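J.: Next up is a structure, given as structure tokens.
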Amino acid sequence: MSLITVENLSFRYPGGQKALRDISLSIDAGEKVAIVGANGAGKSTLLYHFNGTLAQSASVRIGDLPVIQKNLTTIRRQVGMVFQNPDDQLFLHSIFEDVAFGLRNMGISGEDIPALISSTLKTVGLEGYEERSAATLSVGEKKRAALATVLAMSPSVLCLDEPVAALDPRGRRKLKRLLKTLPMTMVIISHDLGIVSSLCSRVFILHRGTLAAQGDPEILLKDRDLLSKVGLY
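The numbering of the sequence shown is the working numbering, which starts it at 607 and goes up by one.
Encoded structure:
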């Protein structure tokens, strides 16, 4: 069953040229997929349409709901977005408050929040970090704390923009292992083709705002002619 459906989506930034051109794709519940492409291919633009972060469009549906204004509250509970820069999601005085922010906005009872935060931080390997400030964390810890702010809300879909960017090899391995354990539908943007091959069953390749190819990463990411054509080799 398709959980994310995109039909003939085009998008132009104000005053600029088209960033997306007639994109159509579907992602099934439980799939882990990747969106790859050279810089400027439209990857983040597409991803940020999935919960209306960038723009709302009836060309995008989550289940049966089009991503339009009246549905955004429901959709954003289902589709969690983890940004490339964790500082965009860690802006309060403690990790507890950062994770609690989204829970409170969802109307979750205050008495239930501490247990949810404790459980989520344990999941991402940050048990006992509740009173730590994001400023004291390593980049890898910040990435996992930002992930916790989204996981605490139990999304059906987890969207990650460059999750291993700026991490050292150990940090990349730790985050890859964590992502492998998570059961929800996952959409990953990454220039690290290794994480795409190890985590994802399908890859969408964008080129200049168009969908150039989709399929098995084990096949497509070994096609040097294709990768050269789209600027990935």
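Beta carbons are placed, not taken as given, at the ideal position from N, Cα and C, and that holds for glycine. This structure is a prediction, so every number in the text was calculated from the model and none was measured.
Quick one: grab the DSSP three-state call for residue 645.
T.: As a working mapping, residue 645 is identified with position 39 in the sequence shown. Here residue 645 sits in coil by DSSP.
J.: Could you check whether residue 793 and residue 656 sit closer than 9 angstroms to each other, using their CB atoms as the reference points?
T.: Here the question's residue 656 lines up with position 50 in the sequence shown. Here the question's residue 793 lines up with position 187 in the sequence shown. Cβ atoms of residue 656 and residue 793: closer than 9 angstroms.
J.: Could you please give the first and the last residue of the uninterrupted beta strand (DSSP E) stretch that includes residue 624?
T.: Translated into the one-based positions of the sequence shown, residue 624 becomes position 18. First-last of the beta strand (DSSP E) with residue 624: 624-634.
J.: Leaving aside the five residues before and after residue 803 along the sequence, list all residues of the same chain whose C-beta is less than 8 angstroms from its C-beta, in chain order.
T.: Here residue 803 is taken as the residue at index 197 of the sequence shown, counted from 1. 823, 824, 827, listed in sequence order.
J.: Assign residue 767 to one of two classes, buried (16 or more other C-beta atoms within 10 Å of its C-beta) or exposed (fewer than that).
T.: Locating residue 767 in the sequence shown gives position 161, where the first residue counts as 1. With 16 or more Cβ atoms within 10 Å of its Cβ, residue 767 is classed as buried.
J.: State the CB to CB distance for the pair residue 765 and residue 653, rounded to an integer number of angstroms; the pair is presumed to be in contact (CB under 8 angstroms).
T.: The count along the sequence shown starts at 1 and reaches residue 765 at position 159. The count along the sequence shown starts at 1 and reaches residue 653 at position 47. That belief holds up - the Cβ atoms of residue 765 and residue 653 are roughly 5 angstroms apart, short of 8 angstroms.
J.: Helix, strand or coil: how does DSSP classify residue 762 here?
T.: Position 156 of the sequence shown, counted from the first residue, corresponds to residue 762. Three-state result, residue 762: coil.
J.: The beta strand (DSSP E) with residue 612 in it runs from where to where?
T.: Against the sequence shown, residue 612 aligns to sequence position 6. Unbroken beta strand (DSSP E) run through residue 612: 608-618.
J.: Within its chain, find whatever has a CB closer than 7 angstroms to the CB of residue 709; leave out the 5 residues flanking it on each side and keep chain order.
T.: Position 103 of the sequence shown, counted from the first residue, corresponds to residue 709. Cβ within range, chain order: 719, 722, 758, 759.
J.: For the candidate residues 635, 625, 612, 642, whose alpha-carbon lies nearest to that of residue 795?
T.: Your numbering for residue 795 matches position 189 in the sequence shown. Checked all of 635, 625, 612, 642; the closest Cα to residue 795 is 642.
J.: Does the beta-carbon of residue 747 have 16 or more other beta-carbons within 10 angstroms, so that it is buried, or is it exposed?
T.: Working through the sequence shown from its first residue, we reach residue 747 at position 141. Flag for residue 747 reads buried.
J.: Could you give the residue range of the alpha helix (DSSP H) that holds residue 803?
T.: Your numbering for residue 803 matches position 197 in the sequence shown. Taken as a continuous stretch (DSSP letters only), the alpha helix (DSSP H) holding residue 803 covers 799-805.
J.: Using 9 angstroms as the limit for Cβ to Cβ distance, is residue 706 near chain C?
T.: This model lacks chain C altogether, as it is built from one protein chain only.
J.: For the ligand MG, is there a heavy atom less than 8 angstroms away from the beta-carbon of residue 763?
T.: No copy of the ligand MG occurs in the structure displayed, which carries no ligand at all.
J.: For residue 850, which three-state DSSP category applies?
T.: Only positions 607 to 839 of the chain appear in the structure, and residue 850 is not among them; the question remains open.
J.: Taking only the alpha-carbon atoms, compute the straight-line gap between residue 756 and residue 831 and give it to the nearest angstrom.
T.: As a working mapping, residue 756 is identified with position 150 in the sequence shown. As a working mapping, residue 831 is identified with position 225 in the sequence shown. Approximately 38 angstroms between the Cα atoms of the pair.
J.: Could you spell out the range, first to last residue, of the beta strand (DSSP E) harbouring residue 729?
T.: By one-based count along the sequence shown, residue 729 stands at place 123. Premise fails: residue 729 lies in the alpha helix (DSSP H), 719-729, not in any beta strand (DSSP E).
J.: In the DSSP assignment, find the beta strand (DSSP E) that holds residue 820 and state where it starts and stops.
T.: Working through the sequence shown from its first residue, we reach residue 820 at position 214. Residues 816-821.
J.: Quick one: measure Cβ to Cβ for residue 665 and residue 634, integer angstroms, because I've assumed they're closer than 8 angstroms.
T.: To locate residue 665, count along the sequence shown from 1; it is residue 59. To locate residue 634, count along the sequence shown from 1; it is residue 28. Between residue 634 and residue 665 the Cβ distance is about 19 angstroms, and since that is not below 8 angstroms, they are no contact.
J.: On the three-pair Cβ rule with 8 angstroms, is the stretch 723-730 touching the stretch 697-711?
T.: Contact between the stretch 723-730 and the stretch 697-711 is present, because at least three Cβ pairs lie under 8 angstroms.
J.: What's the gap between the Cα of residue 713 and the Cα of residue 749?
T.: For the purposes of this step, residue 713 is identified with residue 107 of the sequence shown, where counting begins at 1. For the purposes of this step, residue 749 is identified with residue 143 of the sequence shown, where counting begins at 1. Residue 713 and residue 749: Cα-Cα distance of roughly 25 angstroms.
J.: List the endpoints of the continuous beta strand (DSSP E) containing residue 808.
T.: As a working mapping, residue 808 is identified with position 202 in the sequence shown. From DSSP, the beta strand (DSSP E) with residue 808 extends over 808-813.
J.: Any idea which residues DSSP pairs residue 790 with across the strands?
T.: As a working mapping, residue 790 is identified with position 184 in the sequence shown. Answer is none; residue 790 lacks a bridge partner.
J.: With distance defined between alpha-carbon atoms, name the residue in 771, 619, 754 nearest to residue 563.
T.: Only positions 607 to 839 of the chain appear in this structure, which leaves residue 563 out of reach.
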